[in-house]
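Comments concern the structure below.
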Amino acid sequence: MAMATGAGSGSGTGAGASVEQLVAQTLQAATNPSHEIVQKAEAQLREWEQQPGFFPTIARLSMRRSDGVGGVDGQSSASSSAADSEVKVRWMAAVYLKNGVERYWRPNSRQELPAEQKQQIREVLLRHYDAEEVPQVALQIAVLLGRLARTDYPRFWPELLPTLMKQLQACNAEAGAADSAALQQRILIALHYVLKALASRRLMAEQRAFEELGSQIFGYLAWDVWAPLTARFLQLVRKEEALALNALQRAYVVMRSLRKLVVYGCAKPYKSTDHMNFVEQLFQRLRQCLELRYELRLGSATPGTATILAELERFVIKMMKTLNELMERHSVSFARFVPVALEFSFHYVFHEGTGLIFDAGDRINFSNFAIQALNMLKGIMLSGNDSISAPPEGGPSVEDELLANAAQSHAKFFTAERVTYICEKIVTHYFLLTQQELEEWQQDPEGYDQDDGGGDAWKYALRPSVETLYFTCFTQHSQVMIQEVLRFVRRAQQLQLTPESDLKAILLKDAIYNAVGQAAFHFFNKLDFGAWLTSQLLAELRVDAPNFRILRRRIIWLVGHWVGVQLPRELRPLAYEACLHLLRPQEDMPTRLAAARTLNLLIDDFEFMPEAFHPYFPSLFEALFLLLHEAAECDTKIVVLGTMTLLVEKMSEYIEPQALQFIAYLPLLWRESEEYDLLRCAIIGTLEQLVRTIRDVPEPMKPFLYSVIELSTDLQQHSHVYLIEDGIMLWLAVIGNSTALTPELLALCDHLLPIIEMSSENLRTVLQLIHAYILLDAQAYLSRYGEGFVAYCVRSFEDIRVEGIIAMLRIFETCLKTDAAMGLRLVRPALPFVFQQVYLKQEYPMTMGWYLTIVARTLLIDQSVFMSVVQQLPQADALARILDVWIEMFPMVPDTHAEKRKLFCLAFASIFGSNELLLARLPHILQLVDETLGEVMDKQYAAAEEGASKTTPRFYDSLVIHDEHELDELQQQLGSGGGGGVSEDFHAKSFPAKTYHDDRHRQLVLKDPVYKIPLTEYLKWQLQSLQAQLGSQRYEQLLCSVVPEVLERITMYIEQTVPKACVVCAGSGSGSGSGATADDTLAEQVESG
């Protein structure tokens, strides 16, 4: 082995032993309490990983040899310290080998182990895995076997399962011996992790292979191992506790394997007698185990009894989980057991069997079982909706018969009386707050009743599982449930409480109010909540007795659940007053938090009216601010901060007086939340909303904002993983409401390119930021960061999606519009790619439209740059091809993008000249110009000078804008977001309110040649220049090739055009004079464009 050279001289066995000793010593050092020694040992092990033979050596060291050879030096240790040291080495070797498998075992991985080393490791593991007596080491080896089996069985390790089953059968034959029992348990643990790994494979062929394996071993594990062990436990539990416990532990391990085989190891369990009999046996064993648990709890408490009780509860839960997973994954197979399952679950959680899981004081002592039983009842109730297909001609199939029988059992079981009984038990029993919950309320007020965010909490917690079953009863049996709950409401209305009322009556009312709130939508038009609120609930809410805190919290919670159902608008002020009353500092924390959540629902509702809320706003905001200041837990601060952020958004017109105090507190809260990234996310969201709302950011706030943006977008900070997205949105809001580019704002841009180079996840918002920076101060930003950004774009064009390319091209166009000379110089490296894409014509029309936009802008700014880029392309016919594609794609520009069509026409007109390549395409170009004039020219009529009845048509360019008033009119015509260039700023979606960024964008529109130059005037000027170049005779011949109707319409538009500003006075004879003025200034407009 190559490692032998580093270990010392020698050959054969001596060399191998010295290598193992060296590695063992290093592994032992890795368990040393000294951090420095551990670091050196780990570095040495990492260095050895690449050497041949390292992992087989590790495998041998992880084994306690069945022949008595130890893992360190081959000699048994006399002292306990030496034995402990040997165990640590084996444990560390097993862990290191398990982790190494993740990196070096998978086929085709970059550093895959050679096949012969893999085989050595497999042989060592299979030979010695069952000799390990230390549970922690044995567990690591079992997990290791499972990981190897997932990739290697059966192709590379076919003997694994046969060997395990053979050894298990040998142990089963000697079940009476103590050593045999321990060996059997080790084999069962290894078998479980192997089966668990095989069951997790998801390829269809692998799943079929696991099903075939399950058919071979399920019967033996169920009837020859699990059943005898369970029977032995039940037989010995009252006689020999130690033997009974040992049998139970082994039965539990087998149960874990059988769970995988039942759920994943059989495609259609109902066709397997073994599987069906096993499920039937589970129900019997569950009843026996629950009875036994009850008896053991009543008996004398000993350490042995307590251990057996804990193991027995694990065993019961594992059997219940098996049944529930079978119901979810194999509903047809479970249909046979629906009657038994319904009676079983109902008996133990609602009927006579509740005595087995509840104490005398109605305190549950086996909540995990109750959760599983309630979920089983809910699953069966939902499965009652399973549709049964029409029977085929040959009669119903087995599946149809099973489902039909299950449906009959379902309907027979859930009678109106049974559903009423279940509802009553839920409300009067399970919905009551327990003593444990009241103690939690006292001991941890902020942690009490924190929202878990939904998800699968109903699978693991008792109250969510009960509430889910309750809601399922409403969805399946709504009429019965509504009548029963309304009966409880009437009972609550008749039950008049006083400050001296006992706790039991208060808890009952709390449960009834909870029942109404959980299913509030089902009581729409069934319950007059407004009348109930004003007649009783608000009065109870203002009772200040100590125990009434339970009702106060529940009532305000109930109001929140009725906000979106049926809370009349005229009662909203009463709800605001109730929230304000319960946000008082003298209320306890759970009640104040419930009021904050309800207030959030009230202001986030569709019918919320800021004007009606305004009288309560200052007081409520101050109360929330005080609650935020007093809260100690991160989750509490997030809840309150979320409500305050929503208030800032909804009450933007009234926020400024309260905003200053709020803003002054946020830096302190930011410092206190250093270890809570989720709270910092909420703070950043609040800052963003404040910046958008107040528009003019206060000067004292700016350094804090810049520091928050700096921290959240710095990739060197670990917290950027949580904060970067919110930080970029805050950054965007700050830029949008900034009036000048300060050095601090400019320095933040150092983070932009690293963010998008790391990942394209935030590419859209970063591009919006760059766009905003260019509008804020193009000279400052582009001179410092422009070249780096364009270089990034050139590198990324081939790798990003169309949306990203279009966003980059938008920024290029903005550069060209803000500063033509500088923008063209910066964009120049990207132009060959753009021109090449036009030449290839492989993109969709929208993308091609943007490529052509950049081409047109380049042509209008500097024809020499345009020609240099064309000459840079490898194709000889590049110019002709680009012109042809441009002409061909022109009609595909949508009608809503009239400004783009006009831009293309201006670009075409700018190259009218004596070039034959261009002259040959002039008829097509003029036809496109004619179509564009029909879109952009508006017609108005003015009376003739002589006062005759006839009118004279006059035309003006509708896209020419002189001031912001005309810009507003044009935006209204196009419609907000209608696709026109005036309103298509992709940054605007991030600024729903008017910002300084909007003002800058409007100013950019006003200086754009498309909106400054009348198309007819520029066309007339260019045609005259072309006539001067060609001469009159050649010019007339060229026009003969144009369609006469096209030429006639273009001539009409040119002759009948008046400046837009003079349309109203066209009939007074002043039109021609104004037109001459426009001609005089046209040259300056083109040059400035």
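Here the numbering used here is used: the first residue of the sequence shown is 130, the next is one more, and so on.
We put the beta carbon where it would ideally sit given N, CA and C, even for glycine.
- Among the bridge pairs identified by DSSP, F487 is matched with I493.
- With contacts defined as CB atoms closer than 9 Å, I983 and E942 qualify as a contacting pair.
- Remark: C-beta atoms of L877 and E839 approach each other more closely than 9 Å.
- N453 has its alpha-carbon roughly 48 Å from the corresponding atom of P181.
- Taking a contact as a CB-CB distance under 8 Å, the pair L712 and L753 counts as one, their CB atoms being some 7 Å apart.
- Your pair P185 and Q246 checks out as a contact, with CB atoms roughly 5 Å apart and the cut at 8 Å.
- Here A1049 is exposed, its C-beta having fewer than 16 other C-beta atoms within 10 Å.
- With fewer than three CB-CB distances shorter than 8 Å, the segment 425-440 does not count as touching the segment 475-482.
- Between T604 and K507 the beta-carbon gap is near 10 Å, outside 8 Å, which marks them as no contact.
- Going by DSSP, P398 is part of no alpha helix (DSSP H) at all; its letter is neither H nor E.
- For secondary structure counted as the alpha helix (DSSP H) over 4 or more consecutive residues, the segment 673-702 holds these complete runs in sequence order: 678-695.
- Shown here, T544 sits in coil according to DSSP, grouped into three states, outside any helix or strand.
- Inter-segment contact for the segment 1157-1175 and the segment 1082-1097 is absent: fewer than three beta-carbon pairs are separated by less than 8 Å.
- The beta carbon of N301 lies closer than 8 Å to those of Q313, D353, V354 in the same chain, with the five residues before and after it left out.
- For a cut-off of 8 Å, the C-beta gap from D948 to Q908 is around 7 Å, short enough to register as a contact.
- Residue burial is scored here from C-beta neighbours: F1041 has at least 16 other C-beta atoms within 10 angstroms and is therefore classed as buried.
- Taking a cut-off of 8 Å for Cβ pairs, the segment 1175-1190 and the segment 1140-1150 touch, as three or more such pairs fall below it.
- The alpha carbon of R547 has as its nearest neighbour, out of D578, H606, A533, A464, the alpha carbon of H606.
- Within the same chain, Cβ atoms closer than 8 Å to the Cβ of H404 are found at F347, V391, C395, P398, S462, the five residues on either side in sequence being excluded.
- Y973 carries a coil assignment under DSSP once its states are collapsed to helix, strand and coil.
- Apart from the 5 residues on each side of it in sequence, M610 sits with its Cβ closer than 8 Å to the Cβ of V548, C552, C602, F603, A648, H651 in its chain, given in chain order.
- If you check the CB distance, I446 and Q501 come in under 9 Å.
- Annotation note: the segment 773-857 contains the following uninterrupted alpha helix (DSSP H) runs of length 4 or greater, listed N- to C-terminal: 785-801, 806-823, 831-841.
- Leaving aside the five residues that flank F444 on each side, the residues in its chain whose CB is nearer than 8 Å to its CB run, in chain order, L377, A380, Y381, M384, C418.
- At the C-beta level, M975 and I1016 stay beyond 9 Å of one another.
- Secondary-structure assignment with DSSP links D1086 through a beta bridge to M1066.
- Linking C810 to Y851 through their CA atoms gives a straight-line distance of about 7 Å.
- In this structure, the alpha-carbon of A260 lies about 10 Å from that of I316.
- Excluding residues up to 5 positions away in sequence, M1018 lie with their Cβ nearer than 6 Å to the Cβ of M977 in the same chain.
- Between R232 and Q240, the beta carbon gap of about 7 Å places them in contact (Cβ cut-off 8 Å).
- The beta carbons of L730 and G689 sit closer together than 9 Å.
- CA-to-CA, the gap between L1096 and K655 works out to about 53 Å.
- According to the DSSP assignment, G343 belongs to the alpha helix (DSSP H) that extends over 333-348.
- Taking a 10 Å sphere around the C-beta of P1138, we find 16 or more other C-beta atoms and assign the residue as buried.
- In the structure shown, the three-state DSSP call for T868 is coil.
- For the pair V1022 and L874, the Cα-to-Cα distance works out to about 38 Å.
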